[in-house]
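Visitor: Each residue of the sequence shown is one higher than the one before, starting from 16 at the first, in this note's numbering. Backbone N, C-alpha and C fix where the C-beta goes; we use that ideal spot for every residue, glycine too. One structure follows; several queries about it will come next.
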Amino acid sequence: MNIKTLSFNIFTFSLLIIVLLSCKTIEPIIPETIVEEIPELTQKESTTYLPIRINLAPYLAEAEKSLPKSFIGKEDNCDGVSYSYKFNRNPIKFEGKGDYLYYEVDGKYALNLNYCPNCTTLFDSKGTCVIPRVYASCGVGEPMRKVMVAYATKFKITPDFKFKTTTNLHKFETIDACEITVFNYDATGKLRKEVVGVLKDLENDIDKEMASIDIRTEIEEVWDMLSEPTSLGKYGFLSIRPKSISLSDIKFENKQASIELNLTIQPVVTTYPPELKLNKLPLLSEHKKANGFDINLDIIASYDSLSSILTSEIAGKKIMIKKNEVIFKTVDIQSALNNQLNLKVGFEGKRKGTLYLVGTPVFDSIQQIISFPDLVFDLKTKNALLKSAKWLFNSKITDLMRTSATFDLKPHLIEMKKMIQKEMNREISKGVKLTGEIDSIELNAIYPNHRNLILRVNSKGEIKLSM
Numbered sequence: 016m017n018i019k020t021l022s023f024n025i026f027t028f029s030l031l032i033i034v035l036l037s038c039k040t041i042e043p044i045i046p047e048t049i050v051e052e053i054p055e056l057t058q059k060e061s062t063t064y065l066p067i068r069i070n071l072a073p074y075l076a077e078a079e080k081s082l083p084k085s086f087i088g089k090e091d092n093c094d095g096v097s098y099s100y101k102f103n104r105n106p107i108k109f110e111g112k113g114d115y116l117y118y119e120v121d122g123k124y125a126l127n128l129n130y131c132p133n134c135t136t137l138f139d140s141k142g143t144c145v146i147p148r149v150y151a152s153c154g155v156g157e158p159m160r161k162v163m164v165a166y167a168t169k170f171k172i173t174p175d176f177k178f179k180t181t182t183n184l185h186k187f188e189t190i191d192a193c194e195i196t197v198f199n200y201d202a203t204g205k206l207r208k209e210v211v212g213v214l215k216d217l218e219n220d221i222d223k224e225m226a227s228i229d230i231r232t233e234i235e236e237v238w239d240m241l242s243e244p245t246s247l248g249k250y251g252f253l254s255i256r257p258k259s260i261s262l263s264d265i266k267f268e269n270k271q272a273s274i275e276l277n278l279t280i281q282p283v284v285t286t287y288p289p290e291l292k293l294n295k296l297p298l299l300s301e302h303k304k305a306n307g308f309d310i311n312l313d314i315i316a317s318y319d320s321l322s323s324i325l326t327s328e329i330a331g332k333k334i335m336i337k338k339n340e341v342i343f344k345t346v347d348i349q350s351a352l353n354n355q356l357n358l359k360v361g362f363e364g365k366r367k368g369t370l371y372l373v374g375t376p377v378f379d380s381i382q383q384i385i386s387f388p389d390l391v392f393d394l395k396t397k398n399a400l401l402k403s404a405k406w407l408f409n410s411k412i413t414d415l416m417r418t419s420a421t422f423d424l425k426p427h428l429i430e431m432k433k434m435i436q437k438e439m440n441r442e443i444s445k446g447v448k449l450t451g452e453i454d455s456i457e458l459n460a461i462y463p464n465h466r467n468l469i470l471r472v473n474s475k476g477e478i479k480l481s482m
């Protein structure tokens, strides 16, 4: 072999070595990740105030329809006063005011009376008047006499969502008194006793009709609806997760009943479909005053979903380092030690392979931005680059990754606010409507754990339920 041939072979071998080295895939050792389970974040429960308005008109109309319009009665005595009466009522006028539902019954009555001063049983065991009876009447053969009766009903809600009512006579007025001058007798007191007696049944019937108002079924529908996850499109699924419920005393305004409902909830947004777990509607708990809603909402963003966002942001981007092109392909976020996140970056170009970077997610509460200002090469990646591709150990890569791994949450929170608000304004079932308004929604803190990045959001606003 001559010198020329030997030199050519050495050159060719050296070139081959250079080519092989330049094509070598860079695969550093995977950084150490968390070994022990991080305890699940305990989320504080929140209380939301939900005013309910119930239209009593159909129930009151049903009560009015079911009650008799006329009442008759009599009392026969051998001596003293005997009577028979007829009482016709007008439609009941209902009006709610404060703690009570009032209703008035205007009516007319006719009264037949007879009087025997003394009676004997000598000839008849049933008795015989010793002198001819004296007869008189009120509202017979003349316009019937007028009377007005008014009741007041106070409502309570039992722990099992039943209406418990207490109805009492509020007013009794005889517009036209019934005074019998022929035997000096004022029948007004007797009439009051009889009319109040027969209207006692009306009182019981109204209590029964009010007790039949079914709020449990309606509230149960709301409870179940809030227990089911709601799709928020690309943001995942919202689960309200109600825990307990309380109701205030009822307040009335005309034929509307108002109740304050407080829900203790533990809402969460997940980027994956959560496991459906329906809790049964519990008994009512003690009620405390609240205003609107002021809730803490956990958004559980899986690292897979965040990786997709980052990959879409960085895939295809190119940088030049010392005349060598680097093309970024994928980013996978993984957990790491000490609340730091581990980013696995796939790249190609002059060289190809994987880079691992590590950084601590930082939250800017004013700008509503999440970033990784301390994002750097993992130590094992740094060592691998220094040994095989020192030119890749360059701040251009970390600078680009820091920029790409900056999440401005404001537009996302605005869009999420619109989507949640849309879910708050809809008809749950026939006659049951939910309306609401979100005043604010903002991120308060972030918590990385072994599978997800938990974003704690606070939201304030109002929500109402009409039935």
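Below 8 Å on the Cβ atoms is my guess for GLU457 versus GLN436; work out the distance and round it to an integer in Å.
Guide: Counted from its first residue, the sequence shown places residue 457 at position 442. Counted from its first residue, the sequence shown places residue 436 at position 421. Going by Cβ atoms, the distance from GLU457 to GLN436 rounds to 15 Å, so no, they are not a contact pair.
Visitor: What is the residue span of the alpha helix (DSSP H) that PRO426 lies within?
Guide: As a position in the sequence shown, residue 426 is number 411, starting the count at 1. That run of the alpha helix (DSSP H) goes 425–439.
Visitor: Count the other CB atoms within 10 Å of the CB of LYS19; is the residue buried (16 or more) or exposed (fewer)?
Guide: Sequence index remark: in the sequence shown, residue 19 carries index 4 (1-based). Bear in mind that the predicted position of LYS19 carries a pLDDT of just 45, short of 50, making it too unreliable to give a figure here.
Visitor: Out of curiosity, what's the CA-to-CA distance linking PRO297 and THR62?
Guide: Translated into positions along the sequence shown, residue 297 becomes position 282. Translated into positions along the sequence shown, residue 62 becomes position 47. Approximately 16 Å between the Cα atoms of the pair.
Visitor: Go through the region 128–181 residue by residue and report every complete run of the beta strand (DSSP E) that reaches 3 residues or more, in order.
Guide: 149–153, 160–172, all fully within the region 128–181.
Visitor: Below 8 Å, how does it come out for the region 214–229 and the region 395–404: are there three or more Cβ pairs, yes or no?
Guide: Touching, no.
Visitor: Rounded C-beta distance between ASN183 and TYR200? I'm assuming under 8 Å.
Guide: Within the sequence shown, numbered from 1, the residue matching residue 183 stands at position 168. Within the sequence shown, numbered from 1, the residue matching residue 200 stands at position 185. About 29 Å; that fails the 8 Å criterion.
Visitor: In three-state terms, what does DSSP make of SER81?
Guide: Position 66 of the sequence shown, counted from the start, is the residue given in the question as residue 81. Helix at SER81.
Visitor: Using the C-alpha atoms, what's the distance from SER380 back to LYS425?
Guide: As a working mapping, residue 425 is identified with position 410 in the sequence shown. As a working mapping, residue 380 is identified with position 365 in the sequence shown. One C-alpha to the other measures close to 11 Å.
Visitor: So, for SER254: in the same chain, excluding its five sequence neighbours on each side, which residues have a beta-carbon less than 6 Å away from its beta-carbon?
Guide: Within the sequence shown, numbered from 1, the residue matching residue 254 stands at position 239. If we look at SER254 and ignore the five residues flanking it on each side, its Cβ neighbours are PRO244, VAL283, PRO289.
Visitor: So, under 8 Å CB-CB, SER317 and TYR287 are touching, yes? Tell me the CB distance rounded to an integer number of Å.
Guide: Sequence index remark: in the sequence shown, residue 317 carries index 302 (1-based). Sequence index remark: in the sequence shown, residue 287 carries index 272 (1-based). Correct: roughly 6 Å between the Cβ atoms.
Visitor: I need the straight-line Cα distance from THR143 to LEU137, nearest angstrom please.
Guide: Numbered from its first residue, the sequence shown carries residue 143 at position 128. Numbered from its first residue, the sequence shown carries residue 137 at position 122. Going by the C-alpha atoms only, they are around 8 Å apart.
Visitor: Based on Cα-Cα distance, which residue from LYS249, ILE260, MET225, ALA460 lies nearest to TRP238?
Guide: For this step, residue 238 is matched to residue 223 along the sequence shown. Ranking the options by Cα distance to TRP238, first place goes to ILE260.
Visitor: Could you check how far apart the C-beta atoms of LEU65 and LEU278 are, in whole angstroms? I think they sit under 8 Å.
Guide: Against the sequence shown, residue 65 aligns to sequence position 50. Against the sequence shown, residue 278 aligns to sequence position 263. About 6 Å separates the two Cβ atoms, so the contact holds.
Visitor: If you draw a straight line from the C-alpha of VAL149 to the C-alpha of ASN129, how long is it?
Guide: Counting from 1 along the sequence shown, the entry for residue 149 is found at position 134. Counting from 1 along the sequence shown, the entry for residue 129 is found at position 114. VAL149 and ASN129: Cα-Cα distance of roughly 5 Å.
Visitor: How should PRO132 be labelled, buried or exposed, when 16 other C-beta atoms within 10 angstroms of its C-beta is the threshold for buried?
Guide: Along the sequence shown, one-based indexing puts residue 132 at 117. When all chains shown are included, PRO132 counts as exposed.
Visitor: Quick one: what's ASP201 bridged to in DSSP?
Guide: Here residue 201 corresponds to residue number 186 of the sequence shown, with the count starting at 1. In DSSP, ASP201 forms a bridge with GLU194.
Visitor: If I measure Cβ to Cβ from TYR74 and keep anything under 6 Å in the same chain, skipping five residues before and after, which residues do I get?
Guide: By 1-based counting over the sequence shown, the position of residue 74 is 59. Counting only Cβ-Cβ distances below 6 Å, and skipping sequence neighbours, we find ILE228.
Visitor: Given 6 Å as the limit, tell me if SER323 has its C-beta closer than that to any heavy atom belonging to the ligand HEM.
Guide: The ligand HEM is absent from the structure shown, which contains no ligands of any kind.
Visitor: Identify whether ASP114 lies in helix, strand or coil by the three-state DSSP scheme.
Guide: The count along the sequence shown starts at 1 and reaches residue 114 at position 99. DSSP places ASP114 in coil when its eight states are reduced to three.
Visitor: Please give me, in chain order, every unbroken run of the alpha helix (DSSP H) with length at least 4 that falls completely inside the region 300–363.
Guide: Runs of the alpha helix (DSSP H) inside the region 300–363: 318–329.
Visitor: Exposed or buried, LEU470, counting other C-beta atoms within 10 Å across all chains shown (16 or more means buried)?
Guide: Within the sequence shown, the letter at position 455 stands for residue 470. LEU470 comes out buried.
Visitor: Leaving out the 5 sequence neighbours to the left and right, which residues in its chain are closer than 6 Å to PHE198 when beta-carbon positions are compared?
Guide: Start at 1 with the first residue of the sequence shown, and residue 198 comes out as number 183. Answer for PHE198: TYR130, VAL149, listed in chain order.
Visitor: Rounded to the nearest angstrom, what separates THR181 and PRO158 at their Cα positions?
Guide: For the purposes of this step, residue 181 is taken as residue 166 along the sequence shown, with counting starting at 1. For the purposes of this step, residue 158 is taken as residue 143 along the sequence shown, with counting starting at 1. Near 35 Å, if we compare the C-alpha coordinates of PRO158 and THR181.
Visitor: Go through its chain and collect everything with a Cβ distance to GLU209's Cβ below 7 Å, but skip five positions before and after it.
Guide: One-based indexing of the sequence shown puts residue 209 at position 194. Within the same chain, GLU209 has close Cβ partners GLY88, TYR100.
Visitor: In terms of alpha-carbon separation, which member of LYS258, ASP309, LYS303 lies closest to LYS292?
Guide: By one-based count along the sequence shown, residue 292 stands at place 277. Of LYS258, ASP309, LYS303, the residue nearest in Cα terms is LYS258.
Visitor: Whole angstroms is fine: what's the gap from LYS177's alpha carbon to ILE230's?
Guide: Here residue 177 refers to the residue found at position 162 of the sequence shown. Here residue 230 refers to the residue found at position 215 of the sequence shown. Answer to the nearest angstrom: the Cα atoms are 7 Å apart.
Visitor: Could you work out which residue in PRO376, VAL155, VAL145, ALA72 is closest to TYR124 when comparing CA atoms only?
Guide: The sequence position of residue 124 within the sequence shown is 109, counting from 1. The candidate whose alpha carbon is nearest that of TYR124 is VAL155.
Visitor: If we count the other Cβ atoms within 10 Å of its Cβ and call it buried at 16 or more, is SER410 buried or exposed?
Guide: Here the question's residue 410 lines up with position 395 in the sequence shown. When all chains shown are included, SER410 counts as exposed.
Visitor: Would you kindly work out how many angstroms separate the C-alpha atoms of ALA305 and PRO376, rounded to a whole number?
Guide: What you label residue 305 is simply residue 290 of the sequence shown in a count that begins at 1. What you label residue 376 is simply residue 361 of the sequence shown in a count that begins at 1. Going from the Cα of ALA305 to the Cα of PRO376 covers about 35 Å.
Visitor: Measuring alpha carbon to alpha carbon, tell me which of ASP114, ASN467, ASN354 ends up nearest PHE267.
Guide: For the purposes of this step, residue 267 is taken as the residue at position 252 of the sequence shown. Ranking ASP114, ASN467, ASN354 by Cα distance to PHE267 puts ASP114 first.
Visitor: Between LEU390 and LEU372, how many whole angstroms is the CB-CB distance? I'm expecting something under 8 Å.
Guide: Taking the first residue of the sequence shown as 1, we reach residue 390 at position 375. Taking the first residue of the sequence shown as 1, we reach residue 372 at position 357. Contact holds; Cβ gap of about 5 Å.
Visitor: Return helix, strand or coil for PRO297, following the three-state DSSP convention.
Guide: Counted from its first residue, the sequence shown places residue 297 at position 282. Here PRO297 sits in coil by DSSP.
Visitor: My guess is that VAL472 and LEU241 are in contact by the Cβ rule of under 8 Å, so how many angstroms apart are they, rounded?
Guide: Translated into the one-based positions of the sequence shown, residue 472 becomes position 457. Translated into the one-based positions of the sequence shown, residue 241 becomes position 226. The Cβ separation is near 18 Å, so there is no contact.
Visitor: For a test of the three-state rule: what should DSSP assign to TYR287, helix, strand or coil?
Guide: The residue labelled residue 287 in the question sits at position 272 within the sequence shown. Here TYR287 sits in coil by DSSP.
Visitor: If PHE362 sits next to LEU356, beta carbons under 8 Å apart, how far is it from one beta carbon to the other, in whole angstroms?
Guide: The residue you call residue 362 lines up with position 347 of the sequence shown. The residue you call residue 356 lines up with position 341 of the sequence shown. About 19 Å; that fails the 8 Å criterion.
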